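Asker: Heads up: the sequence shown is residues 8 to 309, going by the working numbering.
In this text, a Cβ means the ideal position worked out from N, Cα and C, and glycines have one as well.
Just so you know, these numbers come straight off a predicted model, no measurement behind them.
Below is one structure. I have some questions about it.
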Amino acid sequence: MTRALGFVLLLLITSQSTQGFSKENHTDKVDGPGIFSNSGIRGPKYRDQIKTMRAIARLRPEIVKTVEYGVSIKGNPLTALILESQNMPITKLALVTGATHGNEYLNIADRLTEALLDSEANVLENYLASGGALIVVPIVNPDGYERRRRGNARNADVNRDWPNSKNPQPSEFKQPESQALANLVNNYLSAHPFTGLNFALDYHCCVDGMLLKPWGYEKGKYMTQSESDRYDYFIDPMNKYFPKPGKVGTPPDLLYTADGTTLDYWYDKYGAVSLTYEGTQRRERNNLQYHVLWWEDILRNL
Ligand SMILES: [Zn+2]
């Protein structure tokens, strides 16, 4: 074929593979090798995500370690950061997760730990020194993340796999990524009997910074007023720090009924303040500073 025809074909192939996103409308300065997400935000390869986590742990070994808590269908090591003070009874636990839907990467959950450690306010250090622990799983679904896919390698939705005592389906975990994460938290709580799971935030994309709270499994189900007040204590700082905070409400009221989510699971099983944050298309990564301020308030208030 001629060089011109080849060029046209290459253009066609390139524009198809980006599925609506192109370098031209991708305005953030994260171009280069890596994984493009439906959020419009590009991220490092999963193995580089792990390298970053290990580097953080090497830098602060007294309070940070990496844990491989399972294996994805495609053999990726499911990896978490655990932050805690040594020889300190753990009395508080918070959980941060991202890319449970593999194509909803925000570049927030994977930078949050370092940003909190770098913050001059030292809130994370004080939280750890007072018996707090933090589990961070930046990429819950690495197979989906690497293929820019919502589901895992079986194309199963990892955020519809979480059982709920209030609803018969799903009745048990069917996906290794969700089962392993549930085990990680459950095993941590078994090993640290003085704490429960106090707070969980799952980062998704993208509905303009919307914040979802339980219940999601059925329309018209709401937590009690006192529970709602307990949630507001952690939600209000978001409204204070974010220049354009999104709507707050239940999934059925704001989006759609979603059964089998982490949102309902952490609240149902452990009574945690459990939230799902739906980031802002393309721009969420620029909000890291606001997430840090919000998280500092969360950790102060736990
Ligand atoms: Zn999602």
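#1: Which residues count as close to ligand 1 when the rule is a CB under 5 Å from any of its heavy atoms, in chain order?
#2: Along the beta strand (DSSP E) that carries residue 88, what are the first and last residues, could you check?
#3: Quick check on the burial criterion: 16 or more other C-beta atoms within 10 angstroms. Buried or exposed for residue 311?
#4: If you draw a straight line from the alpha carbon of residue 123 to that of residue 133, how long is it in whole angstroms?
#5: At the level of alpha carbons, what is the spacing between residue 302 and residue 81?
#6: Look at residue 107 and residue 166 and say whether their C-beta atoms are less than 8 Å apart.
#7: Look up residue 101 in the DSSP assignment and give the residues it is bridged to.
#8: What is the DSSP secondary structure of residue 308, reduced to helix, strand or coil?
#9: By the three-class DSSP mapping on this structure, what secondary structure does residue 44 have?
#10: Work out the CA separation of residue 183 and residue 210 for me, nearest whole Å.
#11: With H, G and I counted as helix, E and B as strand and the rest as coil, what does DSSP make of residue 171?
#12: Would you identify the three-state DSSP class for residue 217, choosing helix, strand or coil?
#13: Just how far apart, CA to CA, sit residue 174 and residue 243?
#14: Within 10 angstroms of the Cβ of residue 292, are there 16 or more other Cβ atoms? Answer buried if so, exposed if not.
Answerer: In terms of the structure at hand:
#1: Qualifying residues come out as 108, 111, 211.
#2: That run of the beta strand (DSSP E) goes 84 to 90.
#3: The requested residue 311 is not part of the displayed model; the chain covers only 8 to 309.
#4: Roughly 11 Å between the two C-alpha positions.
#5: About 33 Å.
#6: Yes. Within cutoff.
#7: DSSP, once it has assigned bridges, lists 141, 206 as partnering residue 101.
#8: Correct three-state label for residue 308: helix.
#9: Residue 44: coil per DSSP, three-state reduction.
#10: Distance between the alpha carbons of residue 210 and residue 183 is about 19 Å.
#11: Correct three-state label for residue 171: strand.
#12: Look at residue 217 here: in three-state DSSP terms it is strand.
#13: CA-CA distance, residue 174 to residue 243, rounds to 30 Å.
#14: Residue 292 is buried by the Cβ-count criterion.
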